[in-house]
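Reviewing the structure listed below.
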Amino acid sequence: MSNKINAQKKRSASRRIANVVVLVLSSIALIAVVAPSIWIVFQILHKALPHFTFSVLTKTGAGLDGGLKNEIVGTAVISIGVVLLAGTVGILSGIFLAQYAKGRFASFLRAASDILAGIPSIVLGYVGYSALVVGFHWGFSLGAGVITLSVLVTPYIAKTTEVALRQVPINYIEGAEALGFKPTRVLSRISLKTALPGITTGLIVAMAISVGETAPLLYTAGYSQNLPKLTLTHSPLGYLTYAVWTFYNQPTKTALQLSYDAALIIMVLILLLIGVSRVIVAQTQRHAETRR
Amino acid sequence: MLQDSPSFDGDVKKLDEGSFDEPGSAILSVRHLEIGFNAKKVIRDINLDMPRGHVVALIGPTGSGKTTFLRSINRLNDKISGFWTKGSISIHGEELLSKDTDLLELRRKVGMLFQRPNPFPMSIKENVLAGVKAHRLAPKSQHDEIVRENLEKVGLWKAVQDRLNDSPFRLSGGQQQLLCLARSLAVQPEVLLLDEPTSALDPISVEAVENLLRKLVPEITFIVVTHSLAQARRISDHTMFFYDGKLMESGKTENIFTDPQMPETQYYISGRMG
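Heads up: the sequence lines are chains A and B, in that order. First residue of the first sequence: 1, per our numbering; consecutive thereafter. First residue of the second sequence: 1, per our numbering; consecutive thereafter.
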C-alpha cells in the first residue's frame with residue numbers, strides 16, 4: 001500500500017518539476033523575443049526625444065542639416081504606391097489561388113510565389129535597377145522604387161489572402177450558396193468579409209515592410225533632398241530609411257540627430273499602421289462569430 | 001430483394017396508392033436516379049415523388065445516401081470533386097440536373113436548412129435580408145416589413161426586435177436556427193430541404209422548430225433528413241426509408257411505422273439497426 005502511495009508522490013513531484021521547467025523555458029524564450037524590441041524602442045526614444053523639434057517634420061533637408069519633410073513624404077508616397085499596386089495584384093492572386101487554381105497548376109503557382117518571396121531584397125533591387133532604371137531608361141524614380149518594392153511584398157499579400165480565404169467556414173459558404181448567392185456575391189459578401197482581418201494584416205505588414213525596407217530602394221529610387229515629384233520616371237526621391245542609414249555615418253552632430261529622428265518617425269508610422277489596422281478589423285468584425 | 005419495393009411505372013398515384021391527398025400532387029419527381037463520387041455509387045436507381053405541401057421524412061442508417069440525395073436536390077454537391085449524377089430530378093416537370101438549370105433560381109425555390117445553425121457574419125436584420133437582396137426580391141422600402149414578417153413567422157420577433165442590428169452569434173443555438181429558417185423563408189421558397197435540422201439543438205428549441213414546420217405546411221413542402229425516428233413520426237406525413245443507397249420503402253408515416261413491409265424497415269424502426 002505505502003509503496004503505491006510513494007510511487008504516486010514521486011510521480012506528482014516529477015510532474016511539478018516538469019511544469020516549472022516548461023514555464024521557466026517558455027518565459028525565457030518570451031523575454032528573448034520581447035526584450036530586444038523594447039530595448040530598441042527605448043533607445044530610439046532616449047536618443048531622439050531630448051533633441052526633437054517639430055521643425056524636422058516641416059523642413060526639407062539641406063545638406064547634413066534641415067529637416068526630414070522630403071523623406072517623410074517620400075516614404076508615404078512609396079508606401080501608398082506599394083499598397084495600391086502590390087495590394088491589388090496580391091489580393092487578386094490570393095483569391096485566384098484560393099478559389100480557382102486547381103491541381104498541379106495551383107502547386108506550380110504557389111511554388112513560384114514562394115520562390116519570389118525567398119529572393120533577397122537586395123537582389124530584387126539589383127534586378128529593378130538593371131531592368132527599370134537602366135533597361136527602360138527610367139532613371140532613379142518613384143515608379144522603379146514602387147514596382148520593385150511591390151514585387152517584394154506581393155507574394156506575402158497573396159499568401160495571407162489565400163490562407164485567410166481558406167479559413168472561411170464552409171458553413172457560411174454553403175449557406176450562401178443554398179440561398180442562391182452568385183459565386184461573386186459569395187466572395188464579396190461572405191468570404192472576403194470574413195477573411196478581412198487576415199487580408200488587412202497582410203496589407204499592413206506589407207506596408208510596414210515598405211516603410212522599413214532600404215536595399216531595393218537604394219538601387220531604384222535613388223535619393224533627393226527635394227520634395228518628391230509625382231511622376232513615375234526620372235524622379236529620384238528621399239525616404240526615411242535612407243536618412244537613418246546615411247546620416248548615422250556622417251561626422252556632424254545634427255546629421256546624427258536627423259538619423260535618430262528618422263528612426264523615431266519610422267517607429268511611430270509603424271505603430272500607427274498597426275493601430276489603424278486594429279480599428280479597421282474591429283469595425284468590420286462587429287458581427288463576427290469569433291472576436292479577434 | 002427489390003421486387004417488393006415500390007417500383008415506378010410512370011403514374012404518380014400508384015406509388016403511394018392514392019395517398020397523396022390534395023394538395024398533394026407531386027412537386028418533385030425522381031426517375032432512375034443514380035449518384036456517386038468517382039467509382040463509388042451512393043444512390044442506386046431511385047424513383048419517387050414528393051407530395052406537395054407535406055412534410056416528408058427521409059430516414060435510414062448512416063451512409064444510406066439520404067443526405068447525399070437531399071443535397072443533390074439543390075445541387076449543393078456540384079462542387080465536390082468526382083461527384084456525378086444519372087437519371088432525373090424534376091420540379092414541376094422542370095429538369096434540375098441539367099447543365100442549363102438556373103442554379104440561383106433553383107436555390108431560391110428550393111431552400112436549405114443545415115444541421116448546424118449557420119447565420120452569416122452580419123447583423124440579424126441583414127441575415128434575414130441576405131437572400132432577398134441577393135435575388136432583388138423587394139425594394140428597400142419593404143425591407144423592414146420583410147424582416148418583421150419573417151421573424152414573426154418563426155416566433156423570433158419579440159426576442160430580437162430591439163437588437164436587429166446586433167450580431168446573430170449572441171443568440172442561442174435554437175434562436176440561430178430559427179433565424180436561419182427566417183432567412184430561408186424570406187425568399188419565399190416552395191421546398192425546404194432540412195438536413196438533421198434539430199440534431200444540434202436543445203429539446204425546447206427542437207419543439208419550436210417542429211411546431212413551425214407543421215405550421216408552415218402546406219404552403220411549403222419540407223423534406224427532412226432525420227436520425228430521430230420519434231421526430232420523423234411526430235412531424236412527417238410521409239416517410240421514405242433509405243438503405244444502402246436504395247429507397248427501400250415509402251408511404252404514409254403511420255403506415256411505415258405501424259405496418260412496415262420490408263424486413264430492413266422493420267429492423268430499422270424497431271431500433272435493431274442503424
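Just so it is clear, CB atoms sit at the ideal spot from N, CA and C, and this is done for glycine as well.
Practice problem: Residues of the segment 170–186 of chain A with a CB closer than 8 Å to any CB of chain B: list them in chain order, please. | Solution: 171, 172, 174, 175, 176, 177, 178, 179, 180, 181, 182 and 185
Practice problem: Find out if the Cβ-Cβ distance for the pair residue 277 of chain A, residue 201 of chain A is shorter than 8 Å. | Solution: yes
Exercise. Kindly list, in the order they appear in chain A, the residues whose Cβ is closer than 7 Å to that of residue 118 of chain B.
Key: Against residue 118 of chain B, the close residues of chain A are 171, 172 and 175, in the order they occur along the chain (beta-carbon pairs closer than 7 Å).
Quiz prompt | chain A contacts from the segment 44–66 of chain B (Cβ-Cβ distance under 7 Å) | solution = none
Quiz item: Is DSSP giving residue 94 of chain B helix, strand or coil here?
Solution: Three-state DSSP puts residue 94 of chain B in a strand.
Quiz item: Could you give the distance in angstroms between the alpha-carbon of residue 122 of chain B and the alpha-carbon of residue 196 of chain A?
Solution: Going by C-alpha positions, residue 122 of chain B is about 13 Å away from residue 196 of chain A.
Quiz item: Given residue 126 of chain A, which residues of its chain have a CB within under 7 Å of its CB, disregarding the five upstream and five downstream residues?
Solution: 219
Self-check item: Spatial distance of residue 27 of chain B from residue 73 of chain B (CA atoms)
Solution: 12 Å
Practice problem: Look at the Cβ atom of residue 173 of chain B, then the Cβ atom of residue 117 of chain B, and state whether they are nearer than 8 Å. | Solution: yes
Exercise. For the segment 49–71 of chain A, enumerate the residues whose C-beta is nearer than 7 Å to any C-beta of chain B, in chain order.
Key: none
Self-check item: Rounded separation between residue 147 of chain A and residue 128 of chain A - CA only
Solution: 8 Å
Quiz prompt | According to DSSP, residues forming a beta bridge with residue 88 of chain B | solution = B:31
Quiz item: Can you list the beta strand (DSSP E) stretches of 3 or more residues lying completely in the segment 174–242 of chain B, in chain order?
Solution: 191–195 and 221–225
Quiz item: Within this structure, are the beta carbons of residue 175 of chain B and residue 156 of chain B separated by less than 8 Å?
Solution: yes
Quiz prompt | Within chain A, the residues that residue 187 of chain B reaches when beta carbons sit closer than 9 Å | solution = 179 and 180
Quiz item: Which class does residue 171 of chain B belong to by DSSP, given the choice of helix, strand or coil?
Solution: coil
Practice problem: Assign residue 12 of chain A to buried or exposed, taking buried as 16 or more other Cβ atoms, counted over all protein chains shown, within 10 Å of its Cβ. | Solution: With fewer than 16 other Cβ atoms within 10 Å, it is exposed.
Practice problem: Scan the segment 277–288 of chain A for residues whose Cβ lies nearer than 8 Å to a Cβ of chain B and list them as they occur along the chain. | Solution: Listed by position along the chain: 285, 286, 287 and 288.
Self-check item: For residue 121 of chain A, the nearest candidate out of A:265, A:150, A:80 and A:109 (CA to CA)
Solution: Residue A:150 is the option with its Cα nearest to residue 121 of chain A.
Exercise. Could you tell me which of A:286, A:21, A:260 and A:32 sits nearest to residue 49 of chain A, measuring between CA atoms?
Key: Checked all of A:286, A:21, A:260 and A:32; the closest Cα to residue 49 of chain A is A:260.
Exercise. Identify each residue in the segment 115–147 of chain B for which the Cβ-Cβ distance to at least one residue of chain A is less than 7 Å, and report them in chain order.
Key: 116, 118, 120, 121, 122, 123, 130, 131, 134 and 135
Quiz item: Touching or not, the segment 257–272 of chain A and the segment 64–79 of chain A, by the rule of three or more beta carbon pairs under 8 Å?
Solution: Verdict: yes, contact present.
Quiz item: Over what stretch of residues does the alpha helix (DSSP H) that includes residue 261 of chain A continue unbroken?
Solution: 253–284
Exercise. Leaving aside the five residues before and after residue 77 of chain B along the sequence, list all residues of the same chain whose C-beta is less than 6 Å from its C-beta, in chain order.
Key: Closer than 6 Å at Cβ, skipping near neighbours: 71 and 83.
Quiz prompt | Counted within 10 angstroms of its Cβ, other Cβ atoms place residue 254 of chain B as buried (16 or more) or exposed | solution = With fewer than 16 other Cβ atoms within 10 Å, it is exposed.
Quiz item: Hey, does residue 112 of chain B have any beta-carbon neighbour from chain A nearer than 8 Å?
Solution: yes
Quiz item: Hey, does residue 76 of chain B have any beta-carbon neighbour from chain A nearer than 8 Å?
Solution: yes
Quiz item: Counting only beta-carbon atoms, is residue 21 of chain B nearer than 8 Å to chain A?
Solution: Only weak support exists for where residue 21 of chain B lies, its pLDDT of 42 falling under 50; the coordinates are left without a value.
Quiz prompt | Residues from the segment 192–211 of chain A in contact with chain B, defined by Cβ distance under 7 Å | solution = Within the segment 192–211 of chain A, 193 and 194 place their CB atoms closer than 7 Å to a CB of chain B, listed in sequence order.
Quiz item: At least one CB of chain A closer than 8 Å to the CB of residue 104 of chain B: is that the case?
Solution: yes
Quiz item: In three-state terms, what does DSSP make of residue 48 of chain B?
Solution: strand
Self-check item: Interface residues of chain A facing residue 169 of chain B [CB-CB closer than 7 Å]
Solution: 289
Quiz item: Which chain B residues are close to residue 190 of chain A, counting only those with a beta carbon under 8 Å from its beta carbon?
Solution: 120 and 121
Quiz item: Is DSSP giving residue 113 of chain B helix, strand or coil here?
Solution: Under the three-state reduction of DSSP output, residue 113 of chain B falls in the strand class.
Practice problem: Please list, in chain order, all residues of the same chain as residue 41 of chain B whose beta carbon is under 8 Å from its beta carbon, the five residues on each side excluded. | Solution: 34, 35 and 245
Self-check item: Proximity test, Cβ basis, 8 Å: residue 214 of chain B and chain A
Solution: no
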